[in-house]
Amino acid sequence: MNRNWRVATAIFGVVLAANLAVAEDKEQEGQAKAPVVFMTQQDHQNMLEQLGITKLRPGRNGDANAPNAANYDESKANPFPNLPELLRKENGEPVTTAPQWYEVRRPELVELLEREVYGCIPENVPSVTWEVVQTREVEAGGIPAVQHELAGIVDNSTCPDIEVRISMSLTLPKKVDAPVPVLMSFGWTPFDLERFRRPGSGQSNG
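If you count the sequence shown from 1, you need to add 481 to reach this note's numbering.
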């Protein structure tokens, strides 16, 4: 009887330990998917580490005698006055055909902008699905146009607790049946500004 009791106790202990281990694994798995919440300084330090930055460059000094004094001389305001020619390849050859532009020169300029201005897009960046929220007819510079309010839904499958929606507007001529050039700028969209207007007035709260 005592032997059977000891065997039953041992089996119960093994089953209990296995269940606890599975529960712990599930708990750790759930914790791993939860978003990490940083304080401001922690977020700042984390970004520096991701970028490999160990020391920040100090800002300009108001002291004219300082090594990093602020510049007020217009002749020194632009240290890079010679911009690349748009229609000349990096090897100096002129761009004379559309294929040369799309296949050679345009990729060269994109690479320059990524390297020197905007930075490169990571290979594993989440995809964005764009949706049209609403459209309306307006006048842009006296020309009939159509404004589209767009929402970019970022794929959050790796962390469902975080939802990212990108607000964007696109204004195109009303009468257009071919691709048209588009200027891109960062800031409030016309649809965003509408939400700040005082009720019954044409002015925004800001």
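Built from N, CA and C at the ideal position, the CB exists for glycine as well.
query: Beta bridge counterpart(s) of Ser648 as assigned by DSSP; result: Ala632
query: Three CB pairs or more closer than 8 Å across the stretch 633-653 and the stretch 592-611; result: yes
query: DSSP three-state assignment for Thr521, whether helix, strand or coil; result: helix
query: Burial state of Arg586, where buried means 16 or more other Cβ atoms lie within 10 Å; result: buried
query: Meets three-Cβ-pair contact criterion under 8 Å: the stretch 663-671 and the stretch 638-647; result: no
query: For Ala579, the three-state DSSP class (helix, strand or coil); result: helix
query: Inter-residue spacing [alpha-carbon to alpha-carbon] between Asp554 and Trp582; result: 38 Å
query: Distance between Lys656 and Leu590 (C-alpha atoms, nearest Å); result: 31 Å
query: Among Leu653, Ser556, Ala550, the one whose alpha carbon lies nearest that of Gly623; result: Leu653
query: Closest residue to Glu571 among Pro580, Phe561, Glu592, Thr670 (Cα-Cα distance); result: Glu592
query: Reference Leu594; option with closest CA among Gly668, His629, Leu532, Leu567; result: Leu567
query: Through-space distance from Phe667 to Asn686, alpha-carbon basis; result: Here Asn686 scores only 45 on pLDDT, less than 50, and its place in the model should not be relied on; the value that follows carries that caveat. Taking the straight line from one Cα to the other gives about 20 Å.
query: Exposure label - Glu630; buried when at least 16 CB within 10 Å; result: buried
query: Given Arg538 as reference, the closest of Phe561, Asn546, Leu529 once Cα atoms are compared; result: Leu529
query: Status (buried if at least 16 other CB within 10 Å, exposed otherwise) for Val495; result: Reliability fails at Val495, whose pLDDT of 46 lies under 50, so the model's placement of it is uncertain and no value is given.
query: Beta-carbon gap between Leu677 and Ser650 smaller than 8 Å; result: Residue 677 is actually Phe in this sequence, not Leu. No, they are not a contact pair.
query: Leu653 - partner residues in DSSP beta bridges; result: Val627
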